[in-house]
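In my numbering, the protein residues as written are 2 to 279.
Glycine is no exception: its CB is placed at the ideal position from the N, C-alpha and C atoms.
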């Protein structure tokens with residue numbers, strides 16, 4: 002394990018970079034009165050933490066290169082998709098509604114944007130990115146072993162799974178006559194959140210690569226665990242599900258028969274009706 006001073010220095014620099022990036026983006030969001038692009042930075046920023054660590058760390062070259070390539074492929078793909086969606090769909094109604102409510106309560110737009118959006122995401126991004134930070138610090142073992150390659154395979158699977166789910170949803174929304182209907186085809190037939198499941202595969206895969214380097218890498222498990230909590234309790238999915246249950250006929254039934262996260266065959270109609278709340 003590298004000296005504690007080296008670990009703290011790299012983590013400290015990364016944290017400052019992380020906070021600074023969100024301050025800059027906050028300024029841009031205030032200037033254009035739209036913060037939707039922060040979702041793209043979520044992916045790009047996580048990849049950026051991998052890049053900055055790669056430039057500072059002195060760990061195993063093979064492990065560092067593997068982590069860097071995987072996190073950059075994931076981050077550029079997802080970040081690019083989120084930027085396209087922002088430009089195609091316009092401002093995210095979740096952010097618009099949240100910031101409008103804050104302003105109605107007397108908060109200025111700049112303060113509301115910082116407190117409710119950018120300030121919160123900065124430390125979360127730093128913690129979630131720990132596998133790509135701590136996984137690059139140790140120089141031993143020199144070569145990636147079985148556990149690391151299993152992690153790499155899981156990461157690649159997650160990238161493909163998430164990409165396929167996003168592509169299927171885009172095709173569905175662009176198909177005439179699907180407005181107001183429920184997407185329950187392809188991967189969406191087996192999980193309500195192919196994107197979240199794919200992300201979890203990616204970050205648990207990166208954690209496996211990091212864990213192979215020793216206790217320091219294994220300790221980065223807090224990143225993927227925090228990601229699970231964010232997906233289940235605080236993600237955009239939680240807010241839009243409430244809206245879809247009231248605005249899209251059949252969505253509540255879709256939720257009842259479809260696995261929340263882990264892909265699984267849909268529950269049978271009879272079973273769903275039996276378990277439905279009175």
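Residues near residue i by beta carbon distance below 8 Å, same chain, minus five either side
i	result
residue 30	36, 38, 39, 114, 118, 119
residue 188	162, 165, 166, 169, 195, 264
residue 221	131, 132, 134, 135, 136, 208, 211, 212
residue 89	none
residue 34	110
residue 223	128, 131
Beta-carbon separation (whole angstroms), residue i vs residue j, contact threshold 8 Å
i	j	result
residue 60	residue 140	5 Å
residue 80	residue 41	5 Å
residue 14	residue 138	That belief does not hold up - the Cβ atoms of residue 14 and residue 138 are roughly 13 Å apart, past 8 Å.
residue 191	residue 260	6 Å
Distance between residue j and residue i (C-alpha atoms, nearest Å)
i	j	result
residue 50	residue 184	34 Å
residue 104	residue 94	15 Å
residue 234	residue 193	15 Å
residue 2	residue 121	31 Å
residue 48	residue 216	23 Å
residue 245	residue 182	10 Å
residue 198	residue 101	31 Å
residue 258	residue 218	38 Å
residue 4	residue 64	19 Å
residue 46	residue 17	13 Å
residue 201	residue 99	27 Å
residue 27	residue 250	37 Å
residue 206	residue 155	5 Å
residue 252	residue 58	48 Å
residue 149	residue 74	17 Å
residue 52	residue 143	20 Å
residue 172	residue 70	28 Å
residue 87	residue 174	15 Å
Residue from the options with nearest C-alpha to residue i
i	options	result
residue 128	226, 6, 21	226
residue 204	151, 86, 57	151
residue 97	75, 85, 110	110
residue 262	250, 159, 251, 173	159
residue 126	138, 9, 68, 228	228
residue 66	145, 124, 87	145
residue 255	232, 236, 223, 186	186
residue 214	6, 22, 147	147
Cut-off 7 Å between Cβ atoms - residues of its own chain near residue i, not counting five sequence neighbours on either side
i	result
residue 12	134
residue 157	none
residue 82	167
residue 32	none
Assigned exposure category for residue i - 16 Cβ within 10 Å defines buried
i	result
residue 85	exposed
residue 230	exposed
residue 24	exposed
residue 54	buried
residue 72	buried
residue 180	exposed
residue 56	exposed
residue 116	exposed
residue 107	exposed
residue 68	buried
residue 178	exposed
Residue i: CB within 6 Å of a non-hydrogen atom of the ligand MG
i	result
residue 59	Ligands in the displayed structure: none, and consequently the ligand MG is not present.
Sequence-distant residues of its chain with Cβ nearer than 6 Å to residue i (five each side left out)
i	result
residue 44	76, 79, 80
residue 268	258
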